[in-house]
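Chemist: Let me give you the structure first, and then I'll get to my questions.
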Amino acid sequence: MTPVSASPLVRARALTRTYAGARERPFGPRPVTTALHDVDLDIRAESSLGIIGESGSGKSTLVRLLAALDAPTSGTVEVDGRPVDAAGSARSLHWLRSLTGIVFQDPYASLDPRMSVGRIVGEPLWALGAPGDHRARVEEVLLRVGLDAEAAERFPHEFSGGQRQRIALARAIVHRPRLLLADEPLSALDVSVRARIIDLLARLRTEEDLTLVLVSHDIGVVAHVCDEIAVMKDGRIVERGRTADVLARPRHPYTRELLAAAPVLPPAPDGAARDREDVGRRD
Amino acid sequence: MSLSVQDLTIDIGGRRVVDGVSFTVPDGARVGLIGESGSGKSLTALAILGLLPDAATVGGRILWDDRDLRDLDDRTLARIRGREIGMVFQEPQTALNPVRRVGRQMTESLRIHTGRSRADAASRAIELAERMALPDPARIVRRYPHQLSGGQRQRVALAAALACAPRLIIADEPTTALDVTVQAGILTLLRDLVEDEGRGLLFITHDLAVLSLVATRGVVLHRGRVVEDAPVQALLTAPASEITRGLLRDARATSWSPQTQTPSETPQGEERR
Numbered sequence: 000m001t002p003v004s005a006s007p008l009v010r011a012r013a014l015t016r017t018y019a020g021a022r023e024r025p026f027g028p029r030p031v032t033t034a035l036h037d038v039d040l041d042i043r044a045e046s047s048l049g050i051i052g053e054s055g056s057g058k059s060t061l062v063r064l065l066a067a068l069d070a071p072t073s074g075t076v077e078v079d080g081r082p083v084d085a086a087g088s089a090r091s092l093h094w095l096r097s098l099t100g101i102v103f104q105d106p107y108a109s110l111d112p113r114m115s116v117g118r119i120v121g122e123p124l125w126a127l128g129a130p131g132d133h134r135a136r137v138e139e140v141l142l143r144v145g146l147d148a149e150a151a152e153r154f155p156h157e158f159s160g161g162q163r164q165r166i167a168l169a170r171a172i173v174h175r176p177r178l179l180l181a182d183e184p185l186s187a188l189d190v191s192v193r194a195r196i197i198d199l200l201a202r203l204r205t206e207e208d209l210t211l212v213l214v215s216h217d218i219g220v221v222a223h224v225c226d227e228i229a230v231m232k233d234g235r236i237v238e239r240g241r242t243a244d245v246l247a248r249p250r251h252p253y254t255r256e257l258l259a260a261a262p263v264l265p266p267a268p269d270g271a272a273r274d275r276e277d278v279g280r281r282d
Numbered sequence: 000m001s002l003s004v005q006d007l008t009i010d011i012g013g014r015r016v017v018d019g020v021s022f023t024v025p026d027g028a029r030v031g032l033i034g035e036s037g038s039g040k041s042l043t044a045l046a047i048l049g050l051l052p053d054a055a056t057v058g059g060r061i062l063w064d065d066r067d068l069r070d071l072d073d074r075t076l077a078r079i080r081g082r083e084i085g086m087v088f089q090e091p092q093t094a095l096n097p098v099r100r101v102g103r104q105m106t107e108s109l110r111i112h113t114g115r116s117r118a119d120a121a122s123r124a125i126e127l128a129e130r131m132a133l134p135d136p137a138r139i140v141r142r143y144p145h146q147l148s149g150g151q152r153q154r155v156a157l158a159a160a161l162a163c164a165p166r167l168i169i170a171d172e173p174t175t176a177l178d179v180t181v182q183a184g185i186l187t188l189l190r191d192l193v194e195d196e197g198r199g200l201l202f203i204t205h206d207l208a209v210l211s212l213v214a215t216r217g218v219v220l221h222r223g224r225v226v227e228d229a230p231v232q233a234l235l236t237a238p239a240s241e242i243t244r245g246l247l248r249d250a251r252a253t254s255w256s257p258q259t260q261t262p263s264e265t266p267q268g269e270e271r272r
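Going down the list, the protein sequences come from chains A and B. Per numbering that gives the first Met the number 0, numbering of the first sequence is gapless, rising by one per residue and ending at 282. Per numbering that gives the first Met the number 0, numbering of the second sequence is gapless, rising by one per residue and ending at 272.
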């Protein structure tokens, strides 16, 4: 019964986003696609929510709206009790930017190849005019994600996919946000690298007291990191609940289909799920 | 027809990236090559197909029945590729030509290798689309790749690989770029196509869970060497090599199963809703 959790960190109401598609013939009507349909979503502070669904289910659209990277057609988003006006000026969104960090899917596309890692990671501090020693904070956060402080002097192309995703994570948390939005941060990575980044996400989440929203089409990924799951299909949230409950007793047919589609390995020989501490830290 | 790779080596820029790899894919068998990125699995596949860049030096033998594919001239090899050995690659988006209708791309190899007429090929394309469980086959063959979803594109690439009824299909991470549900559909389709018609399959992946869905035998690569070659069941239940054990641990840590430990609930979790 902690009173802190009374109001959610993120509160979305009747969120809808439609897109006009390309005309199928000249002067014809533009077909309208509803990417997100009347979605209500509360995210408690310091919880971790996994959003799963297939491509086109609206999960990325939802995250883009929460991060004010896109404006809803109708509906509202509040973060930390303040309304988010995505159409507002960049300056008017400073408060939201300092509250949130974002990681995207493709670590090859999301890092500017001409900027040193130090500049990439430190850019949010500079852009938000954060006080304090930026260089020291960059060093600290690079160590935190499992890289060397010397990485700051190097450039993205010198790093592997997994290391780049660590850089992207460092950039996302450098300004000490409360909310971390991660849109398919593991999809482009090998299974072995994925396992290590999952560990890192879980660790950062607790160490930095983050509220985590993790978008993935892969149930396996969210099962290990998130304590709640929201399942999306055709622009709607069709099921939401605690991870263990949803996995053990899926209610919506689509959730069952997702679970059935995930490749399942035979149980570990010693019966228990192996702890992941013994996994090496190299990417 | 069986494929036998013997003591394969690949050197690129003075570095040995594949070092003495040997394995066989007997006629009709489903074999997986598995390893982390940089283990040499994709290079091995490209070497079999004779598709490595000139900068790579290949040693060892690649026997397709009694013929060493390395001894064949480009024209003979081109006749084997597509006709006797079909291939599917990771990214259907880049494997398909964006300005050609998908029906034509499905049957391109058929027209090249068997000289079928255009009309003949067009009707075969519709058959193939049907076999691939693509919706509305007669219409979809007239479409362009960008009008299809990722899963549909991979089905088209699979159809192209199968058009000439090859004896062996080499598939390099064909589902990595796809959704889980779509992935399951493609893998089932691939396994059925191979199984029903007694074709061989060489499946390349980094994911042991995926491998277990399609292959019966797995060859584990690490830094260009084979570290284990065993039935998939054995790899999953009694892995002999430390590398395989690591792959299995990683696969468990990233996939879901009824044993998966979900993160412990925060105390506030109890009072929500």
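The beta-carbon is built from N, C-alpha and C at its ideal position, and this holds for glycine as well. Predicted, not measured: the structure shown is a model, and the values here were computed from it.
Looking at the secondary structure, which residues open and close the alpha helix (DSSP H) in which proline 252 of chain A lies?
Modeler: Note, proline 252 of chain A: alpha helix (DSSP H), 252-260.
Chemist: Using the beta-carbon count (16 or more within 10 Å), is glutamate 138 of chain A buried or exposed?
Modeler: buried
Chemist: Under three-state DSSP, which class holds alanine 13 of chain A?
Modeler: strand
Chemist: Following the continuous alpha helix (DSSP H) through glutamate 83 of chain B, name the residue where it begins and the one where it ends.
Modeler: Glutamate 83 of chain B -> no alpha helix (DSSP H), and no H or E assigned at all.
Chemist: Quick one: is valine 231 of chain B buried, meaning 16 or more other Cβ sit within 10 Å of its Cβ, or exposed?
Modeler: buried
Chemist: According to a CB-to-CB cut-off of less than 8 Å, which residues of the region 231-254 of chain B neighbour chain A?
Modeler: Leu235, Thr236, Ala237, Gly245, Leu246, Leu247, Arg248, Asp249, Ala250, Arg251, Ala252, Thr253 and Ser254
Chemist: Are any of the Cβ atoms in chain A nearer than 9 Å to that of threonine 93 of chain B?
Modeler: Answer no: the Cβ-Cβ gap between threonine 93 of chain B and chain A never drops below 9 Å.
Chemist: Pull up the CB-CB distance for leucine 35 of chain A and leucine 61 of chain A, whole angstroms please, since I reckon it's below 8 Å.
Modeler: 6 Å
Chemist: For the alpha helix (DSSP H) holding valine 218 of chain B, just list the boundary residues, first then last.
Modeler: Run containing valine 218 of chain B: none in the alpha helix (DSSP H); it sits in the beta strand (DSSP E), 216-221.
Chemist: Do threonine 204 of chain B and glutamate 172 of chain B have their C-beta atoms within less than 9 Å of each other?
Modeler: yes
Chemist: With DSSP run on the structure shown, which of helix, strand or coil describes valine 120 of chain A?
Modeler: helix
Chemist: Buried or exposed, going by whether 16 or more other CB atoms sit within 10 Å of the CB of glutamine 89 of chain B?
Modeler: buried
Chemist: Indicate whether the contact test is met: 3 or more Cβ pairs, each with one atom in the region 142-154 of chain B and one in the region 181-194 of chain A, closer than 8 Å.
Modeler: no
Chemist: Between the C-alpha atoms of aspartate 233 of chain A and alanine 44 of chain A, what's the straight-line distance to the nearest angstrom?
Modeler: Distance between the alpha carbons of aspartate 233 of chain A and alanine 44 of chain A: 27 Å.
Chemist: Hey, does isoleucine 218 of chain A have any beta-carbon neighbour from chain B nearer than 9 Å?
Modeler: yes
Chemist: If we count the other Cβ atoms within 10 Å of its Cβ and call it buried at 16 or more, is alanine 271 of chain A buried or exposed?
Modeler: Only weak support is given to the placement of alanine 271 of chain A: the predicted model assigns it a pLDDT of 41, under 50, and the value that follows is read from those uncertain coordinates. With fewer than 16 Cβ atoms within 10 Å of its Cβ, alanine 271 of chain A is classed as exposed.
Chemist: Would you mind reading off the limits of the alpha helix (DSSP H) that contains glycine 161 of chain A?
Modeler: 160-172
Chemist: Could you check what DSSP says for valine 3 of chain A in three-state terms: helix, strand or coil?
Modeler: For valine 3 of chain A, the pLDDT reaches just 49, beneath the cut-off of 50, and the residue's location in the model is therefore unreliable, leaving the point undetermined.
Chemist: I believe isoleucine 79 of chain B touches arginine 69 of chain B by the beta-carbon criterion, under 8 Å. Please report the beta-carbon distance rounded to the nearest angstrom.
Modeler: Cβ-Cβ separation between isoleucine 79 of chain B and arginine 69 of chain B: approximately 12 Å, too far for a contact (criterion under 8 Å).
Chemist: Less than 9 Å between the C-beta atoms of valine 144 of chain A and alanine 169 of chain A, yes or no?
Modeler: yes
Chemist: What does the Cβ neighbour count give for alanine 21 of chain A, buried or exposed, with the cut at 16 atoms within 10 Å?
Modeler: exposed
Chemist: So which residues of chain B does isoleucine 197 of chain A contact, with C-beta pairs closer than 7 Å?
Modeler: Ala252 and Thr253
Chemist: Any idea if glutamate 276 of chain A is buried or exposed, counting beta-carbon neighbours within 10 angstroms, 16 or more meaning buried?
Modeler: In this prediction, glutamate 276 of chain A scores a pLDDT of 40, lower than 50, which makes its location untrustworthy; the coordinate-derived value is nonetheless stated afterwards. The residue is exposed, with fewer than 16 neighbouring Cβ atoms inside 10 Å.
Chemist: Taking the C-alpha atoms as reference points, what is the distance between threonine 254 of chain A and leucine 48 of chain A?
Modeler: Computed Cα separation, rounded: 16 Å.
Chemist: Would you say valine 237 of chain A and aspartate 182 of chain A are within 9 Å of each other, going by their C-beta atoms?
Modeler: No. Outside cutoff.
Chemist: Under 9 Å, do arginine 63 of chain A and aspartate 39 of chain A count as touching if we go by C-beta distance?
Modeler: no
Chemist: Taking tryptophan 94 of chain A as part of the alpha helix (DSSP H), name the residues at either end of that continuous run.
Modeler: 93-98
Chemist: By DSSP, does valine 83 of chain A sit in helix, in strand, or in coil?
Modeler: coil
Chemist: Beta-carbon separation of tryptophan 255 of chain B and valine 263 of chain A under 9 Å?
Modeler: yes
Chemist: Please list the residues of the region 183-195 of chain A that have a C-beta atom closer than 7 Å to any C-beta atom in chain B, keeping them in chain order.
Modeler: So the list reads Asp189, Val190, Ser191, Arg193 and Ala194, given in the order they occur along the chain.
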